[in-house]
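Protein chains in written order, with my numbering: chain G, 1 to 342; chain H, 343 to 684.
Glycine is no exception: its CB is placed at the ideal position from the N, C-alpha and C atoms.
Have a look at the structure below, then the notes.
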DNA sequence: GACCGAGCTTACAGCGCTGTAAAAAAACTG
DNA sequence: CAGTTTTTTTACAGCGCTGTAAGCTCGGTC
């Protein structure tokens, strides 16, 4: 059984192809009788428009790519969900491109070898710094996500990481914590993605006239809970005293909670922990994790808004949008009152 | 600056379009000199082949859709990752279609209104039963995932849920647990997706000549940790005694751990808990979660294998493949020896 | 040296749809 | 009712690429 084409429907209905096309698209100027005749032929033949052909003719694909490091990391999977929902609401489908933090894969996202796949790209780089991103000029509109500084030439959506980290630190200080550590700086991280958060952490301490102790900045070799657990375990073993911990993300916090628990350190009694991203991982951790929560829905909506404008032809300079965040207080770092009363 | 087309390259290189096409595709019978000339023209003009046009000409899109209920559920996001990797290894890109468990959205996956978007679909239905799936006949090849029974007409990949659940129960019995509960049957779940697991749970008890107590089967109203926590909390409040718990997935187990902890019930001392899916959520839970682990990589590889064969024209009857699973033992339900020694 | 076949290259007709411009039909108008 | 305007329908040229079949080269053969 051969594929049914627009021309077949036209032949059966005894009208031109264009009229069939008009019916398919609900074009207003079609007489009811025509519409009926055509619709009947469509139903009879089981006609389904071929999107590839439509795309070739119109030059629009109705698809956007979402390029993220790893889809199974809670922050990215939750973000994907919102992006998918927002995209769907705007009539786009989402092609997920997993870069696995691989520089070559990331470069390929911007420097793509082929055209006509998607109308735009939402890209969260991790292995490229701002200059590299700026250098690769791409034909298709791009909106960047992520914490690191991005070229002024490109659209970019993020939360105010410095302020958020300051708030995290302030929250711990308000509980009377005095030795607050930061976990973790990732070795070889070229994006400076953690820098903003680290900066905010330091700023938060300075604001409160607290000393900065470089030993309180824990570093890790990669982005895994295993590594963060290792870093915390070693810090404890080395006798590093701390009563508060701000983590660069919930996965790090999760590893930290594990290390603290197995070392017999109480959370929040001995150490209060603040995570970042407010993922499901933290919502059900033990203790449940206080976390800095980017407004993911707003992030997704903003990214799609900017991308949509670019797709529609906006040519201006890069827009940099800050979306809101909040501190979700849970057990790992409760409100001051809760600690006092315990 | 206009788009560069194959014809433009051909004109600059002074050859035919087809020769350029042959160079782009690394077709062997092209003389080195031609290849050089053409390549130079390609580089000079910055030519990028238009995939939409290629797709129209070849009739292949090189894309597959992955239709899952919710991308941010750990099991699905982890599965997505493997599917994406396997697909990428086979030269396919993945279009993620989130059905949100919505019957209309699921029906749309099979009954699609348009052609030429993807070459095949990997679909994990949750709101359709076997008969409905069978009824909707689709033009594009489909491979089904998921625990429920599926029509013999379609390809289907799953683990042996009955055996896996039996093993979970056996593991608990080996520790001396005698009152083992099952969490949870989802009200209004038409797929029977949980049925296999429940069946295995019952079979496991029967195998050991243990009594079946219907009160030990906890039901929930939806697929959230909140709901499972509620169900466990109420069971405890109602005085339901149990010392083992098999959960239909890690998210339920996560909610259960929370409810048990807040009720002061020790895990694993008082109740040993087995989850399902072996997600990151359980790997870092407190206590770390013993879980039934489908081999997700094998699942993804098998699904893509079957789908690839269908795309390549295989027309035979539905294949039903069982992929392997294992029980990952962690703290929430340790080995018998570990319990005895504690 | 005419002929042959293998190796390269080319011309061109689609793939299925939409945009444009023009034709045809219908609806007004005075 | 001829002339004008408006609405509806049509014909057809692309969109950019690939497959096919035919044409051209050129070294090897007898």
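When you compare each of H/600, H/585, H/641, H/591 to residue 611 of chain H by their alpha carbons, which one comes out closest? Ranking the options by Cα distance to residue 611 of chain H, first place goes to H/585.
For residue 77 of chain G and residue 415 of chain H, the rounded distance between their alpha carbons: 8 Å
Quick one: using the 10 Å Cβ neighbour count with 16 as the cut-off for buried, is residue 659 of chain H buried or exposed? Residue 659 of chain H is exposed by the Cβ-count criterion.
Residue 666 of chain H lies in the beta strand (DSSP E); which residues open and close that run? That residue, residue 666 of chain H, is in no beta strand (DSSP E); it is neither H nor E in DSSP.
Check whether the stretch 427–443 of chain H and the stretch 451–464 of chain H are in contact - that is, three or more C-beta pairs closer than 8 Å. Yes: at least three Cβ pairs fall under 8 Å.
What does a CB cutoff of less than 8 Å around residue 233 of chain G pick up in its chain, not counting 5 residues either side in sequence? 259, 262, 263
Chain G contact for residue 603 of chain H (CB, 9 Å cutoff): yes
Nearest to residue 573 of chain H by alpha carbon, out of H/526, H/622, H/437, H/436? H/526
Determine, using beta carbons only, whether residue 651 of chain H comes closer than 9 Å to chain G. No, residue 651 of chain H does not count as interfacial toward chain G.
Kindly indicate which three-state DSSP category residue 150 of chain G falls into: helix, strand or coil? coil
Quick one: does residue 342 of chain G have its CB under 9 Å from some CB of chain H? With a pLDDT of 45 at residue 342 of chain G, under the threshold of 50, the predicted position of this residue should be treated as unreliable, though the coordinate-derived value follows. Output row for residue 342 of chain G: interface = no.
Would you say residue 41 of chain G reaches chain H, if we count a Cβ-Cβ gap shorter than 9 Å as a contact? Chain H contact via Cβ: absent.
Quick check: is the beta carbon of residue 681 of chain H nearer than 9 Å to any beta carbon in chain G? Because the pLDDT of residue 681 of chain H is 48, which lies under 50, any placement of that residue in the model is unreliable, and the question is left without a value.
Is DSSP giving residue 45 of chain G helix, strand or coil here? helix
Between residue 327 of chain G and residue 161 of chain G, what straight-line distance do the alpha-carbon atoms span, to the nearest angstrom? 12 Å
Three-pair Cβ contact test at 8 Å for the stretch 110–127 of chain G versus the stretch 136–148 of chain G: yes
Could you give the distance in angstroms between the alpha-carbon of residue 542 of chain H and the alpha-carbon of residue 429 of chain H? Near 32 Å, if we compare the C-alpha coordinates of residue 429 of chain H and residue 542 of chain H.
Closest to residue 422 of chain H by CA distance: which of H/408, H/434, H/435, H/368 is it? H/408
Measure the alpha-carbon distance for residue 154 of chain G versus residue 191 of chain G and round it to whole angstroms. 16 Å
Work out the CA separation of residue 290 of chain G and residue 332 of chain G for me, nearest whole Å. Rounded to the nearest whole angstrom, the CA to CA distance from residue 332 of chain G to residue 290 of chain G is 6 Å.
Selected residue, minimal CA-CA separation from residue 246 of chain G, among G/202, G/27, G/265, G/37: G/202
For the candidate residues G/314, G/330, G/309, G/321, whose alpha-carbon lies nearest to that of residue 90 of chain G? G/309
Environment of residue 335 of chain G [buried if 16+ CB atoms lie within 10 Å]: exposed
With C-beta atoms as the reference, is residue 577 of chain H less than 9 Å away from residue 560 of chain H? yes
For residue 128 of chain G and residue 488 of chain H, the rounded distance between their alpha carbons: 38 Å
Would you kindly work out how many angstroms separate the C-alpha atoms of residue 63 of chain G and residue 117 of chain G, rounded to a whole number? 7 Å
Cβ-based burial, residue 222 of chain G [other Cβ within 10 Å; buried from 16]: exposed
Counting only runs that start and end within the stretch 86–150 of chain G, where is the alpha helix (DSSP H) found for 4 or more residues in a row? 103–110, 130–135
Cβ neighbours of residue 342 of chain G in the same chain (closer than 7 Å, five flanking residues each side left out): For residue 342 of chain G, the pLDDT reaches just 45, beneath the cut-off of 50, and the residue's location in the model is therefore unreliable, although a value from the coordinates is still provided. Close CB contacts of residue 342 of chain G within its chain, under the 7 Å cut and outside five residues either way in sequence, are absent.
Do the stretch 611–624 of chain H and the stretch 641–649 of chain H touch if we need at least three Cβ pairs shorter than 8 Å? At 8 Å Cβ cutoff, the stretches do not touch.
Among H/551, H/535, H/537, which has the Cα closest to the Cα of residue 512 of chain H? H/551
With 16 other Cβ atoms within 10 Å as the buried cut-off, status of residue 36 of chain G: exposed
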